[in-house]
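Residue numbering for the sequence shown is 377 to 467, as defined by the numbering used here. Data first, discussion second: the structure below is written as structure tokens.
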Amino acid sequence: MSITLHIPPPLRKFTAGAETFRCAARNLSELFDALEGEYPGIRENLCQADGTPQRFLNIYVNDEDIRFLGGAGYTFQDGDEVLLIPAIAGG
377 MSITLHIPPP LRKFTAGAET FRCAARNLSE LFDALEGEYP GIRENLCQAD GTPQRFLNIY
437 VNDEDIRFLG GAGYTFQDGD EVLLIPAIAG G
């Protein structure tokens, strides 16, 4: 099984410029574990201390907000396309 994570430009500074990341994660926890294994230190920028995604981070699976798919309990399917979208604030 394989999923593809698409990394937006604001987060690429944590992935040495990589635009995509492929892994065999079955859920968000495993995805963040795989990312941390490849890019040490990235977890602290994406997750809270308890391992849940930061509040500013929106996660989409195949163009659907993961919150409507079961949140952290969602089980990835082979071929899923995952997108991390950080909220941008300004004034």
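In this text, a Cβ means the ideal position worked out from N, Cα and C, and glycines have one as well.
Item: Classification of Ala401 by the beta-carbon crowding that lies within 10 angstroms, buried from 16 upward; Value: buried
Item: Integer-rounded CB distance, given that Leu411 should sit under 8 Å from Phe397; Value: 7 Å
Item: Which residues DSSP lists as bridging Tyr436, in chain order; Value: Asp441 and Leu459
Item: Phe397 in three-state terms, based on DSSP; Value: strand
Item: Cut-off 6 Å between Cβ atoms - residues of its own chain near Arg419, not counting five sequence neighbours on either side; Value: Phe408 and Glu412
Item: Simplified DSSP assignment, three categories, for Pro416; Value: coil
Item: Best match in Phe452, Pro385, Glu406 and Asp456 for proximity to Cys423 [C-alpha to C-alpha]; Value: Glu406
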